[in-house]
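Student: Residue numbers (my numbering), protein chains in the order written: chain A, 3 to 193; chain B, 130 to 211. We treat Cβ as the ideally placed atom computed from N, Cα and C, and that holds for glycine. The structure displayed is predicted, hence computed values, not measured ones. Structure in structure tokens, see below.
Here you go:
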């Protein structure tokens, strides 16, 4: 039996076993504590549905538990969990895309809308933040939305975001620039 | 031009004796990029406890069913222990 790691992100020697209480296995509890909020948040903002986000979070960690032997440590655990999340959300994202007409090629619209409007972003009530961000993200092309959500995780490098989104780091940087611009325009319209 | 997002947190009262700089940073949090907003949003959303409860139940079931497999099945599946 492998030794229990002290660092929940160091999972190369993780082993599981039932804990004394009816709770997560001890080592897995550390992994869950370290990563569940990020996984849940990504799922929430990708699906826009709190119930689906809970289901995705549950399923992602269950899948991670079952398939942990396939995690070779070549990538960070966070990246691996995000990969599972994106794969799991893929059908949901496809259905989301079918409902949307906005594409990356249409992003010139963000340059045309409200370009001269006064800045409505100055004061923002915290309670409105989630709703506004969700509306804003929903209005963006999916690739922009994904890049913003992943880059916002400071544990991920551009290289890891590139790996997750299957493009080059330079492409991520370029897309991020356009995504920020599009987000800012869309955010202004949600005021 | 860099877009700035300003978030007033609602906790704008200051404690006597705190420095002006600290009071100022409490009064209004500067958000420089959309990622800052997203991070702020993420920090305010916690995972519902039901998810952990459901997951614990599912994993307990997985672990116990795994332990009940016959030795030859565990060997066939590639387990090296137990």
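Could you tell me whether the Cβ of residue 132(A) comes closer than 9 Å to any Cβ of chain E?
Tutor: As a matter of chain content, chain E is missing from the structure shown, whose protein chains are A and B.
Student: Looking at the unbroken alpha helix (DSSP H) that takes in residue 145(A), where does it start and where does it end?
Tutor: Walking along the first chain from the start, residue 145(A) turns up at place 143. First-last of the alpha helix (DSSP H) with residue 145(A): 144-153.
Student: If we cut at 9 Å on Cβ distances, does residue 156(B) have a partner in chain A?
Tutor: What you label residue 156(B) is simply residue 27 of the second chain in a count that begins at 1. Residue confidence is low: residue 156(B) scores 40 on pLDDT, short of 50, so the model does not pin down where it sits. Its coordinate-derived value is still stated next. Residue 156(B) does not count as touching chain A.
Student: Using a Cβ-Cβ cut-off of less than 9 Å, list which residues of the segment 148-165 of chain A approach chain B; keep chain order.
Tutor: Cβ contacts with chain B: 150, 151, 153, 154, 155, 156.
Student: Listed in chain order, which residues of the segment 168-185 of chain B have Cβ atoms closer than 8 Å to some Cβ of chain A?
Tutor: Listed by position, the residues of the segment 168-185 of chain B near chain A (Cβ gap below 8 Å) are 168, 169, 170, 171, 173, 174, 175, 176, 177, 179, 180, 181, 183, 184, 185.
Student: In this structure, how does DSSP classify residue 153(B) when only helix, strand and coil are distinguished?
Tutor: In the second chain, counting from the first residue as 1, residue 153(B) sits at position 24. Only weak support is given to the placement of residue 153(B): the predicted model assigns it a pLDDT of 44, under 50, and the value that follows is read from those uncertain coordinates. In this structure, residue 153(B) counts as helix in the three-state DSSP scheme.
Student: Please report the straight-line C-alpha distance between residue 80(A) and residue 137(A), rounded to a whole angstrom.
Tutor: Working through the first chain from its first residue, we reach residue 80(A) at position 78. Working through the first chain from its first residue, we reach residue 137(A) at position 135. C-alpha separation (whole angstroms): 26 Å.
Student: Between which residues of its own chain and residue 140(A) is the CB-CB distance below 7 Å, once the five residues before and five after are set aside?
Tutor: Counting from one through the first chain, the residue named residue 140(A) turns up at place 138. Contacts found: 50.
Student: Tell me the DSSP secondary structure of residue 134(A) in three-state form.
Tutor: Taking the first residue of the first chain as 1, we reach residue 134(A) at position 132. Helix, per DSSP.
Student: Rounded C-beta distance between residue 163(B) and residue 150(A)? I'm assuming under 8 Å.
Tutor: Residue 163(B) sits at position 34 when you count from the first residue of the second chain. Residue 150(A) sits at position 148 when you count from the first residue of the first chain. Rounded, the Cβ-Cβ distance is 6 Å, consistent with contact.
Student: Helix, strand or coil, according to DSSP, for residue 174(B) in the structure here?
Tutor: By 1-based counting over the second chain, the position of residue 174(B) is 45. In this structure, residue 174(B) counts as coil in the three-state DSSP scheme.
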